[in-house]
Amino acid sequence: MSDYLVIVESPAKAKTIEKYLGKKFKVKASMGHVRDLPKSQIGVDVEQNFAPKYITIRGKGDVLKELKSAAKKAKKVYLAADPDREGEAIAWHLAHSLDLDVHSDCRVVFNEITKDAIKESFKHPRAINMDLVDAQQARRILDRLVGYKISPILWKKVKKGLSAGRVQSVAVRLIIDREKEINAFIPEEYWTIESQFLRGKDQFEGSFYGMDGKKRELKTEEDVKEVSASIKGNSFTVASVTKKERKRNPAVPFTTSTLQQEAARKLNFRAKKTMMIAQQLYEGIDLGKEGTVGLITYMRTDSTRISETAQNEAAGYITDQYGKEYLGIKKEAKKNSNSQDAHEAIRPTSTLRSPAVMKEYLSRDQLRLYKLIWERFLASQMASAILDTMSVDLDNNGVVFRATGSKVKFPGFMKVYVEGTDDQVEEKDRFLPDLKQGDEVFSKDIEPSQHFTQPPPRYTEARLVKTLEELGIGRPSTYAPTLDTIQKRGYVSLDNKRFVPTELGEIVLELIMEFFPEIIDVEFTARMENSLDEVEDGHIQWVKIIDEFYKDFEKRITVAETEMEEVEIKDEYAGIDCEECGNPMVIKMGRYGKFMACSNFPDCRNTKPIVKEIGVPCPKCSKGNVVERKSKKKRIFYGCDRYPECDFLSWDKPIARNCPRCESMLVEKKLKKGVQVQCTACDYKEEQQK
Numbered sequence: 001m002s003d004y005l006v007i008v009e010s011p012a013k014a015k016t017i018e019k020y021l022g023k024k025f026k027v028k029a030s031m032g033h034v035r036d037l038p039k040s041q042i043g044v045d046v047e048q049n050f051a052p053k054y055i056t057i058r059g060k061g062d063v064l065k066e067l068k069s070a071a072k073k074a075k076k077v078y079l080a081a082d083p084d085r086e087g088e089a090i091a092w093h094l095a096h097s098l099d100l101d102v103h104s105d106c107r108v109v110f111n112e113i114t115k116d117a118i119k120e121s122f123k124h125p126r127a128i129n130m131d132l133v134d135a136q137q138a139r140r141i142l143d144r145l146v147g148y149k150i151s152p153i154l155w156k157k158v159k160k161g162l163s164a165g166r167v168q169s170v171a172v173r174l175i176i177d178r179e180k181e182i183n184a185f186i187p188e189e190y191w192t193i194e195s196q197f198l199r200g201k202d203q204f205e206g207s208f209y210g211m212d213g214k215k216r217e218l219k220t221e222e223d224v225k226e227v228s229a230s231i232k233g234n235s236f237t238v239a240s241v242t243k244k245e246r247k248r249n250p251a252v253p254f255t256t257s258t259l260q261q262e263a264a265r266k267l268n269f270r271a272k273k274t275m276m277i278a279q280q281l282y283e284g285i286d287l288g289k290e291g292t293v294g295l296i297t298y299m300r301t302d303s304t305r306i307s308e309t310a311q312n313e314a315a316g317y318i319t320d321q322y323g324k325e326y327l328g329i330k331k332e333a334k335k336n337s338n339s340q341d342a343h344e345a346i347r348p349t350s351t352l353r354s355p356a357v358m359k360e361y362l363s364r365d366q367l368r369l370y371k372l373i374w375e376r377f378l379a380s381q382m383a384s385a386i387l388d389t390m391s392v393d394l395d396n397n398g399v400v401f402r403a404t405g406s407k408v409k410f411p412g413f414m415k416v417y418v419e420g421t422d423d424q425v426e427e428k429d430r431f432l433p434d435l436k437q438g439d440e441v442f443s444k445d446i447e448p449s450q451h452f453t454q455p456p457p458r459y460t461e462a463r464l465v466k467t468l469e470e471l472g473i474g475r476p477s478t479y480a481p482t483l484d485t486i487q488k489r490g491y492v493s494l495d496n497k498r499f500v501p502t503e504l505g506e507i508v509l510e511l512i513m514e515f516f517p518e519i520i521d522v523e524f525t526a527r528m529e530n531s532l533d534e535v536e537d538g539h540i541q542w543v544k545i546i547d548e549f550y551k552d553f554e555k556r557i558t559v560a561e562t563e564m565e566e567v568e569i570k571d572e573y574a575g576i577d578c579e580e581c582g583n584p585m586v587i588k589m590g591r592y593g594k595f596m597a598c599s600n601f602p603d604c605r606n607t608k609p610i611v612k613e614i615g616v617p618c619p620k621c622s623k624g625n626v627v628e629r630k631s632k633k634k635r636i637f638y639g640c641d642r643y644p645e646c647d648f649l650s651w652d653k654p655i656a657r658n659c660p661r662c663e664s665m666l667v668e669k670k671l672k673k674g675v676q677v678q679c680t681a682c683d684y685k686e687e688q689q690k
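If you count the sequence shown from 1, position 183 lands on 183 in full-length UniProt numbering, and the numbers rise without skipping.
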């Protein structure tokens, strides 16, 4: 018999922790929540202060039975679920199911799964924090009331399987509002003039800045002609030289939101994938002789705080590997006002476990995400980078061109890591010759270019997560499931990794805006999140928040049930007939996207995938045509429409002409900065296009 029973959430975590605690401890997994609101009914007694009705989750009976048996044999039971609201609620539900005293020191929390952190946490057990539990309950009940009251109305008036929610509906609204901005956008013309300049053997680039000492915008071709007419010859005089030293500071370590954003930019990971891999790194990886070790701290956090121990270890590593001059100034440990004090930023549990050392133990994707976390943390503890910048104004008869250059004087943190941007613009050295005021340079190839202003970009996952966080909508644990839900419901789709609203999404949002405006009101949803934080801090009772919301919400439900009109979503005809029964094929929305189905369903169950023709005959069989398809992982590829008779396949897009050298197939090869036409058989290449 073990003296102590420890209950965690996952088997992987249980195995690691049991090894650290020794023979007196038995560690078991609850596999997440054991109790929840019932799925078949609302499960909230509105008349009795919104009392929740919890039941054992279907399929958890055996798990709970095993835990109860183990608890009876143990001298003491410790509840060690994750260190957040959800984890506190799991511990509270377990305490009720196992007849434990919630006021006893039965709760243990740790931010990382390492031997020292686990042993230290068991020296400081505490009672279950009911403020955290109440905050989780309030969110769960609030979302249950919204979902279970609005969804049935949508099922009745629009179609089955729809849902509404505070965070997901706001996310859909942001995507639709952005689409409206794009559609309403009117491009404005503007021009730029670029030129290459020569000074001896040196060559550099400059752009038109202004005339007669004033900055000037070029809005029309007439403006360009006026500037061109003012330029006399190709000799320019250096009018001014400005040299500055600029400091660039490192980014702070990752929070949940910034990790999802950066993993999307640099690794092309969806938010859901990022969180899944981060969970694996947190729960533990088998490191051979060292056993299973958690490689990163807890990954659901909005804090950028770093423990003093972690700072000291990083400082030693930086000094040893790069030198003292690369060590940053020691920063005060900070935490976000909405984050628990137990939380830190997402960081490696040990700086000494470098990606190079971990490479043999991790899968490709695990290594890529771990490397990102490790580099970001290490860079955050390093010195600022110092850049020398130079700006030169070049004058010809009052026409001024400006050239700018920069070079890294001291790389600092940039030696390890540079934060990505949504626009994929990297800062590179741009050298200018050592020019002085009065020097003469010569222009070469002055080229005016016409441009048009662009509409705001559609949201990528990274941009949407960033916007939700900035608006105070949702919390670290909600971003990934929210993005997943709005796609599964068919409210939005991804086109070239950017969110596009569907007709269904626009219809549902319009109905919610009309009958439940507070649900999709950005400020209301942000205020509600702040209220939940106040519950967590013990400043307000959770029942009060729900009650204030429900008074108006209940009235709106009554109005919607009687006044909302039914919406008929007509099937979109696919333009072809069913080859089995001759009836028209229609386009349907399934869990994996759109597909074609026979309009004579259920008498005829014929379905076909939707393929996109690209106007290129199949280069292998010459009988079929090349069509665009999607793999199970939604990656685009190209194949013959006669498959399986013809097995032609290409990841690169074929084009409708052959190689001028060898007559083989030409394809469009996607590169980092554009597209290049290449031959599949020889080394023929065409100029890269943006």
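Every residue, glycine too, gets a C-beta built ideally from N, C-alpha and C.
Keep in mind the model is a prediction, meaning the values are calculated, not measured.
By the Cβ-count criterion, Pro609 is exposed, with fewer than 16 other Cβ atoms from all chains shown falling within 10 Å of its own Cβ. Under a 10 Å Cβ-count criterion, Lys219 is classified as exposed, with fewer than 16 other Cβ atoms of the shown protein chains found around its own Cβ.
Sequence-distant partners of Tyr550 (beyond 5 residues in either direction) whose C-beta falls short of 8 Å from its own C-beta, in its chain, are Val46, Phe50 and Leu145. Here Lys653 is buried. Its C-beta has 16 or more other C-beta atoms within 10 Å. Under the DSSP assignment, Phe516 falls outside any alpha helix (DSSP H); it carries neither an H nor an E label. Within the model, the alpha-carbon separation for Asp547 versus Gln168 is close to 22 Å. Excluding its 5 nearest sequence neighbours in each direction, Glu205 has C-beta neighbours in its own chain below 7 Å: Glu194, Gln196 and Ala403, listed in chain order. Out of Gly615, Thr485 and Phe185, the CA that lies nearest to the CA of Gly165 is found in Thr485.
Within a 10 Å sphere around the beta-carbon of Glu308 sit fewer than 16 other beta-carbons, which makes this residue exposed. Within the stretch 115 to 181, the alpha helix (DSSP H) runs of at least 4 residues that lie entirely inside it are, in chain order, 115 to 121 and 130 to 157. Looking only at Leu362, Gly161 and Leu327, the smallest Cα-Cα distance to Ile277 is reached by Leu362. Looking at the DSSP output, Val677 sits in a beta bridge with Glu668.
A distance below 6 Å between beta-carbons, with the five flanking residues on each side excluded, links Asn600 to the following residues of its chain, in chain order: Cys581 and Asn583. Where Tyr4 is concerned, the enclosing beta strand (DSSP E) starts and stops at Tyr4 to Val8. Boundaries of the beta strand (DSSP E) around His451: Glu440 to Phe452.
Secondary structure note for Gly210: its beta strand (DSSP E) is the uninterrupted segment Asp202 to Met211. Counting only runs of at least 3 residues, the stretch 587 to 665 fully encloses the following beta strand (DSSP E) elements, listed from N- to C-terminal order: 593 to 598, 607 to 609, 612 to 617, 625 to 630, 636 to 640 and 653 to 658. Secondary structure of Asp105 (DSSP, three-state): coil. As the crow flies, the alpha-carbon of Val8 is around 19 Å from that of Arg58.
Note on Thr114: 16 or more other CB atoms within 10 angstroms of its CB, so buried under the neighbour-count rule. Per DSSP, the beta-bridge partners of Thr237 are Asp395 and Glu440.
By the neighbour-count definition (other C-beta atoms within 10 Å, threshold 16), Val559 is an exposed residue.
Under DSSP, Lys244 takes part in a beta bridge, and its partners are Thr389. Look at the beta carbons and you see the stretch 471 to 487 touching the stretch 168 to 188: at least three pairs across the two are nearer than 8 Å. Assignment of beta-bridge partners to Pro501 by DSSP yields Val492. One thing to note: Leu471 has its Cβ no nearer than 8 Å to the Cβ of Tyr491. Boundaries for Leu98: no alpha helix (DSSP H) harbours it, and the DSSP string shows neither H nor E there. When beta bridges are read from the DSSP output, Gln196 appears opposite Glu205 and Lys444. Exclusion of the five residues before and after Pro187 leaves Phe452 and Thr453 as the residues of its chain whose Cβ lies within less than 7 Å of its Cβ. As DSSP reads the structure, Asp45 sits in a beta bridge with Ala51. Here the alpha carbon of Ser631 sits roughly 43 Å from the alpha carbon of Val408.
Per DSSP, the unbroken beta strand (DSSP E) holding Tyr573 starts and ends at Glu572 to Asp577. Ranked by Cα distance from Glu18, the options Ala12, Ser10, Val27 and Pro11 are led by Val27. In this structure, Arg376 and Ala271 do not form a Cβ contact; the two beta carbons are roughly 17 Å apart against a cut-off of 8 Å. Here Pro660 is exposed, its C-beta having fewer than 16 other C-beta atoms within 10 Å. Tyr78 carries a strand assignment under DSSP once its states are collapsed to helix, strand and coil.
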